[in-house]
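Protein sequences appear in the order of chains A and B.
Position one of the first sequence corresponds to residue 13 (the numbering used here), numbered consecutively onward.
Position one of the second sequence corresponds to residue 645 (the numbering used here), numbered consecutively onward.
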Amino acid sequence: MTKQKKIDFEAALKRLEEIVGYLENENESLEKSLSLFEEGVKLTETLRSHLDSAEQRIQVLMKDTEGNISTKDFES
Amino acid sequence: MSGNRTTLTVSEITAQIKGQIESQFSRVWVRGEISNFKHHSSGHMYFTVKDAGAELRCVMFRGFNQSIHFKPEDGMEIMIQGKITVYEPRGQYQLMVQLMEPAGIGTLYLAFEALKKQLMAEGLFDKEKKLPIPAYPQKIGIVTSPTGAALRDMHNILKRRAPQVEIVLRPALVQGDGAASDIIAGILDLESMGNIDLIIIGRGGGSLEDLWAFNEEALVRAIGDCSIPIMSAVGHETDVTISDLVADLRAPTPSAAAELASISISELAQMIQNQKNKLHLIIENQLNQLWQKLDHLIDRQSLQHPRTLIMRSRERLDIIMHQLDYSMHQFLSMKHTKLKGFEKELTVLNPLDILHRGYSIAFSEDGSIVRQADDLNVGAPFVLKTGSGSIAAEKKKTLPNSE
């Protein structure tokens, strides 16, 4: 039902900013820089594909008689 | 004829009346029943309000009457606020209306003000109590009517602007009995899902009575207590409810809430692209710097011709060897010369050499050298050694020294 891979978008974006900031300000060894770079590029790809696959879904929250909460797709 | 009389013209007295009345009744509330209501095509409203004993002409201009959230009708009891103006050409006065409310609202209005005052004193609206609105919410919970304009407006904007955002709708009554408790339950339901980043509660515009649920104390407190940031989006910009005051952010309309709640997908994509570009730039820079360093190292002579170093050492070694050789030679030749000197000395001292010069040595039979004439008895044999060969001889007699 959920095609989108669940990622913590905000955390991923924060990490990306952190990596860029770190690389900008710290003089790291090439090895460390490259591994951070790799992580950063991977993050941008994950975030990008998250956006590319974005398709708004509205779900309706339902509650059964026992008070259990579930959701179903909303047709407006 | 009438010298003592002070006579005013009609205009003069009317002007005085106008001045007095208008200054005295510049802002009054009047309660009464509407009659002769006319909504003119110009947009202005003309009517009278009356009670059992009197009538008052009223006009409400277009600019003011647009904020009325109900439809005024003849026979309706209303409260109006405005100022009395005098229309001099006709000698008439009227109330120029600026606000109109159904008369029943008076008590609600008082309740609103009282609750607002109380909660403000409790600090419920304090800025420090507001939760920050997340910059990139992934899942937004909405508590509103599933059929209302508010949901439609919000969805239209979010669909276009931020399709990456998931919406969870908690349908709720937004007016009438039970609306407040339904909205409270909705907030709690969304909170219990555990993955909602932001909650929007809202509805479209309406009268103060329509919006009343959002002024109920229980709902206002539930909004204040919620652990998830809540954005209120109730009615139009001019409709302020107490929920708006306690919410973490007040959006003037549901559409504005949708805008405020989401960062647009294109902005996000641009942001990510920017970060990616930066990453590439940084790494490229670092690699370039390293290359430069490497090039610089390669340019240095010793690395450019690695053999130079060895050759230089070898040269140095050669020089040292030469020096060593030379001093060895010197040493040896010095020793050689010295040796030659010794040899000469030795030659001079060699007794046999003396024999060559004509001397002889006599050896007795026992091999000892004969040093005195008496060393040998007469008749004793002896050997006379010369420079070249020896002579066997015999002592005849002793001769005296022939000096």
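Quick reminder that beta carbons are idealized off the backbone N, C-alpha and C, glycines included.
Beta-carbon proximity of residue i to residue j, cut-off 9 Å
i: Ile916(B); j: Leu48(A); result: no
i: Arg1070(B); j: Leu73(A); result: An answer regarding residue 1070(B) cannot be provided, because it is not within the stretch 645 to 1047 covered by chain B.
i: Val787(B); j: Ile827(B); result: yes
i: Ile811(B); j: Phe86(A); result: yes
i: Leu817(B); j: Ser851(B); result: no
i: Leu754(B); j: Ile724(B); result: no
i: Ser1034(B); j: Leu1020(B); result: no
i: Gly644(B); j: Ala877(B); result: The first residue shown for chain B is 645 and the last is 1047, placing residue 644(B) beyond what the model contains.
i: Gly719(B); j: Ser667(B); result: no
i: Lys760(B); j: Ile886(B); result: yes
i: Gly774(B); j: Leu904(B); result: According to the sequence shown, residue 774(B) is Lys rather than Gly. Not in contact: Lys774(B) and Leu904(B) (Cβ atoms no closer than 9 Å).
i: Glu834(B); j: Ile872(B); result: According to the sequence provided, residue 834(B) is Leu. The question's Glu does not apply to it. Yes, these two residues count as a Cβ contact at 9 Å.
i: Ile927(B); j: Leu46(A); result: yes
i: Ile728(B); j: Met740(B); result: yes
i: Val1027(B); j: Thr1042(B); result: no
i: Ala866(B); j: Leu832(B); result: yes
Which residues DSSP lists as bridging residue i, in chain order
i: Ile844(B); result: Ile786(B) and Met875(B)
i: Ile70(A); result: Ile811(B)
i: Ile678(B); result: Val693(B)
i: Ile831(B); result: The partner list for Ile831(B) (beta bridge, DSSP) is empty, contrary to what the question assumes.
i: Val672(B); result: Gly726(B)
i: Met744(B); result: Ile724(B)
i: Val703(B); result: Tyr690(B) and Met740(B)
i: His683(B); result: Met689(B)
i: Asp90(A); result: Within the shown structure, residues of chain A are numbered from 13 to 88, placing residue 90(A) beyond reach of any answer.
i: Val1027(B); result: Phe1007(B) and Ala1036(B)
i: Tyr731(B); result: Gln736(B)
i: Ile1013(B); result: Phe1007(B)
i: Arg894(B); result: Ser876(B)
Counted within 10 angstroms of its Cβ, other Cβ atoms place residue i as buried (16 or more) or exposed
i: Arg862(B); result: The question names Arg, yet the displayed sequence has Ala at residue 862(B). By the neighbour-count rule (16 or more Cβ atoms within 10 Å), Ala862(B) is not buried but exposed.
i: Pro1044(B); result: exposed
i: Ala902(B); result: buried
i: Gln974(B); result: exposed
i: Lys920(B); result: buried
i: Asn929(B); result: exposed
i: Leu59(A); result: buried
i: Met689(B); result: buried
i: Phe986(B); result: exposed
i: Asn859(B); result: buried
i: Arg675(B); result: exposed
i: Glu1047(B); result: Any reading at Glu1047(B) must be qualified, since the residue scores a pLDDT of 49, below 50, and its modelled position is unreliable; the value itself is stated next. Its Cβ having fewer than 16 others within 10 Å, Glu1047(B) is exposed.
i: Ser906(B); result: buried
i: Glu745(B); result: buried
i: His980(B); result: exposed
i: Met875(B); result: buried
i: Leu1063(B); result: Examination of residue 1063(B) is not possible in this model, given that chain B is present from 645 through 1047 alone.
i: Lys841(B); result: The residue asked about is misnamed: residue 841(B) is Asp in this sequence, not Lys. Counting Cβ neighbours within 10 Å, Asp841(B) comes out buried, since at least 16 surround it.
i: Tyr780(B); result: buried
i: Arg958(B); result: exposed
i: Pro1025(B); result: exposed
Contact list for residue i against chain A, beta-carbon separation under 9 Å
i: Ser670(B); result: Within 9 Å Cβ-Cβ: nothing; Ser670(B) doesn't reach chain A, min ~50 Å.
i: Val884(B); result: The contacting residues do not exist; Val884(B) stays about 28 Å from chain A at best.
i: Ser836(B); result: Ile81
i: Gln936(B); result: Going along chain A, no residue has its Cβ under 9 Å from Gln936(B), so there is no contact; the nearest lies around 13 Å.
i: Ile811(B); result: Gln68, Arg69, Ile70, Gln71 and Phe86
Contacts that residue i makes with chain B (C-beta to C-beta distance below 8 Å)
i: Phe75(A); result: The residue you asked about is not Phe; residue 75(A) is Lys in the sequence shown. In chain order: Asp833.
i: Glu29(A); result: Gln919
Of the residues the options, the one placed nearest residue i, counting alpha carbons only
i: Ser670(B); options: Tyr737(B), Phe681(B) and Lys988(B); result: Tyr737(B)
i: Glu43(A); options: Lys682(B), His683(B), Thr729(B) and Leu934(B); result: Leu934(B)
i: Arg1001(B); options: Ser1032(B), Lys988(B), His980(B) and Ala1017(B); result: Ser1032(B)
i: Leu752(B); options: Gly726(B), Ala659(B), Glu666(B) and Glu853(B); result: Glu853(B)
i: Met704(B); options: Lys682(B), Thr1042(B), Ile1035(B) and Ile843(B); result: Lys682(B)
i: Glu732(B); options: Ala659(B), Glu717(B) and Thr692(B); result: Ala659(B)
i: Val809(B); options: Ile843(B), Thr1042(B) and Ala824(B); result: Ile843(B)
i: Asp997(B); options: Arg847(B), Lys1029(B), Met740(B) and Lys761(B); result: Lys1029(B)
i: Thr692(B); options: Gly868(B), Ser685(B), Arg701(B) and Ser686(B); result: Arg701(B)
i: Ser1004(B); options: Glu757(B), Ser977(B), Leu968(B) and Ala1036(B); result: Ala1036(B)
i: Glu51(A); options: Glu67(A), Asp64(A) and Glu30(A); result: Glu30(A)
i: Gln71(A); options: Ile784(B), Val672(B) and Val864(B); result: Ile784(B)
Within chain B, the residues that residue i reaches when beta carbons sit closer than 9 Å
i: Glu22(A); result: Pro778, Ala779, Tyr780, Pro781, Gln782 and Asp841
i: Arg60(A); result: Ala913, Ile916, Gln917 and Lys920
Chain-ordered neighbours of residue i on chain A, where CB pairs are closer than 7 Å
i: Leu802(B); result: Gln68
i: Arg814(B); result: Leu73
i: Pro807(B); result: Ala66, Glu67 and Gln68
i: Gln930(B); result: Leu42 and Ser45
Residue i: contacting residues in chain B (beta-carbon distance under 7 Å)
i: Glu36(A); result: Ile926
i: Ser47(A); result: Result: empty, since nearest Cβ-Cβ is about 11 Å, beyond 7 Å.
Interface residues of chain A facing residue i [CB-CB closer than 8 Å]
i: Glu903(B); result: Per Cβ cutoff of 8 Å: no residues; Glu903(B) is ~15 Å from chain A at best.
i: Leu923(B); result: Ile31, Val32, Leu35, Phe49, Gly52, Val53 and Thr56
i: Ile909(B); result: Leu63 and Ala66
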